[in-house]
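Let me begin by presenting the structure, written as structure tokens, before commenting on it.
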Amino acid sequence: MTNSHCNDRLAWQREGLPFNAFGAALRRRFGGRIQRVSVDAGFTCPNVDGAVARGGCNFCDNRSFSPSRRVRLKRVSEQLEGGITSVRRRYKQVAGFLAYFQPATNTYAPVDQLEEVFRMALRWHPDIVGLAIGTRPDCVPESVIELTRELAREHYVSLEFGMQTMHQPGLDWMNRAHTHDHMVNAIDRSRGQGFECCVHIILGIPGETHAMMMQTADEVSRLGFDAIKLHNLYAVQGTPLGEEVAGGKIQMMQQDTYVNTVVDFLERIPPTTIVERISGDAPPKFLIAPQWCLEKSTLKLQIEAEFARRGTRQGSLYRPPALLPEDRPRPADKTPASIRSQIDVRGRLPVLKMEGATGQR
Numbered sequence: 071m072t073n074s075h076c077n078d079r080l081a082w083q084r085e086g087l088p089f090n091a092f093g094a095a096l097r098r099r100f101g102g103r104i105q106r107v108s109v110d111a112g113f114t115c116p117n118v119d120g121a122v123a124r125g126g127c128n129f130c131d132n133r134s135f136s137p138s139r140r141v142r143l144k145r146v147s148e149q150l151e152g153g154i155t156s157v158r159r160r161y162k163q164v165a166g167f168l169a170y171f172q173p174a175t176n177t178y179a180p181v182d183q184l185e186e187v188f189r190m191a192l193r194w195h196p197d198i199v200g201l202a203i204g205t206r207p208d209c210v211p212e213s214v215i216e217l218t219r220e221l222a223r224e225h226y227v228s229l230e231f232g233m234q235t236m237h238q239p240g241l242d243w244m245n246r247a248h249t250h251d252h253m254v255n256a257i258d259r260s261r262g263q264g265f266e267c268c269v270h271i272i273l274g275i276p277g278e279t280h281a282m283m284m285q286t287a288d289e290v291s292r293l294g295f296d297a298i299k300l301h302n303l304y305a306v307q308g309t310p311l312g313e314e315v316a317g318g319k320i321q322m323m324q325q326d327t328y329v330n331t332v333v334d335f336l337e338r339i340p341p342t343t344i345v346e347r348i349s350g351d352a353p354p355k356f357l358i359a360p361q362w363c364l365e366k367s368t369l370k371l372q373i374e375a376e377f378a379r380r381g382t383r384q385g386s387l388y389r390p391p392a393l394l395p396e397d398r399p400r401p402a403d404k405t406p407a408s409i410r411s412q413i414d415v416r417g418r419l420p421v422l423k424m425e426g427a428t429g430q431r
């Protein structure tokens, strides 16, 4: 990131905000409200199809995570059109939209097919100002980084990595089927390439102590992400985690504990890091627990109140690492061969929502 970007981000402090909130950062960048439109291009994941594992993450039911998977299968173009129309009904003034490729692993397909669908999304509507692409840290070979860099030459592009935790027991419990070393390798190759690098973290993983979650916060700071999304662990129907929670085998984090943990976490990360999310939820008909995560506005107010009570803000406890992120050497690509073979190949996969997606305006 350039110095001008860093100085611009610190505007949140001048505005008296407790943390570097995403919505405000986008308004400063684009001059108005920017809304995400969830897009499902029909991707799967390498821990679903057997490339590295089967079964998927134990918390994952994409219908509950993403609005686009609660409806019948549609082409990407139809989803964009419908999403933009819906947002405009809800908000009177919207300056632009981000096409958010949200469900599953959105870099896990032949790279020429990725380019086709991403460029189509950027061209589909004049008010689409950029992309957000959710993926896994083991699914970003050099070909994906090169494509993302090219897309970012003319548009805002965010590559969102599902790190979740730095601790291997937690990754194993979730059936992520990747290691933290994959995350380190991916961010060290992606940083400074012209696109935003966002990290997803889950708080409240069974077996993780407060100290372990703070170690993850320090690791996020050490690795130098541009943005972060914090999620509370929540359980939805139709998942292994949901069954364990419903059966009383696993307890979800309490609301007051979560509020304090979020504030503790944000105090430790750099003030320049954009905070894109501070909690997660699911539709009531899918959600098992915790019910408190449905009250997102209340939760946000409680987090802000805790910052005020402490007299702190994001970055208050941040200490730069001995080796700054921008000085870390760029390593060789360690994408697993079984995943690379699905991406670094010419051709198309039979991905339903990409079919017919070439009918651009």
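For the sequence shown, this note's numbering begins at 71 and goes up steadily by one. By construction, the Cβ of each residue, glycine as well, lies at the ideal position given by its N, Cα and C atoms.
Counted as a single uninterrupted DSSP element, the beta strand (DSSP E) harbouring L229 occupies residues Y226 to Q234. Secondary structure of F171 (DSSP, three-state): strand.
With fewer than 16 other Cβ atoms inside 10 Å of its own Cβ, A378 counts as exposed. Excluding residues up to 5 positions away in sequence, G166 and F167 lie with their Cβ nearer than 6 Å to the Cβ of D197 in the same chain. Proximity to S228 across P354, Q172 and R410 peaks at Q172, based on C-alpha coordinates. Only residues of its own chain outside the window of five on either side were considered, and among them N117 and V118 have a CB closer than 8 Å to the CB of R124, listed in chain order. Per DSSP, reduced to three states, the secondary structure at H248 is coil, with no helix or strand assignment.
Annotation: I271 to G381 spans about 25 Å, alpha carbon to alpha carbon.
Between R292 and P399, the C-beta gap is not smaller than 7 Å, which leaves the two residues out of contact. Between E337 and L371, the C-beta gap is not smaller than 7 Å, which leaves the two residues out of contact.
One Cα belongs to G350, the other to E365, and the distance between them is close to 10 Å. Per DSSP, the unbroken alpha helix (DSSP H) holding A191 starts and ends at V181 to W194.
Where H301 is concerned, the enclosing beta strand (DSSP E) starts and stops at A297 to N302. Under the criterion of beta carbons closer than 8 Å, G232 and R261 do not qualify as touching, at roughly 17 Å. For E216, the closest alpha carbon among the candidates Y178, Q234, F265 and A191 is that of F265. Among the bridge pairs identified by DSSP, L369 is matched with none. Secondary-structure assignment with DSSP links G200 through a beta bridge to L168 and Y226. DSSP places A123 outside any alpha helix (DSSP H), giving it a letter other than H or E.
Looking at the DSSP output, D119 shares a beta bridge with R124. In the structure shown, the three-state DSSP call for T309 is coil.
Exclusion of the five residues before and after H225 leaves L192, V199, G200 and L201 as the residues of its chain whose Cβ lies within less than 8 Å of its Cβ.
Taking the Cα of V146 as reference, the smallest distance to any Cα among Q163, F129 and G112 is reached at G112. Contact annotation, Q384 with P180: C-beta distance approximately 39 Å; criterion of less than 8 Å not satisfied. DSSP lists F167 as the beta-bridge partner residues of Q105. In the three-state DSSP reduction, T205 falls in the strand class (E or B). A359 sits close to A305, with the two beta carbons spaced by under 7 Å.
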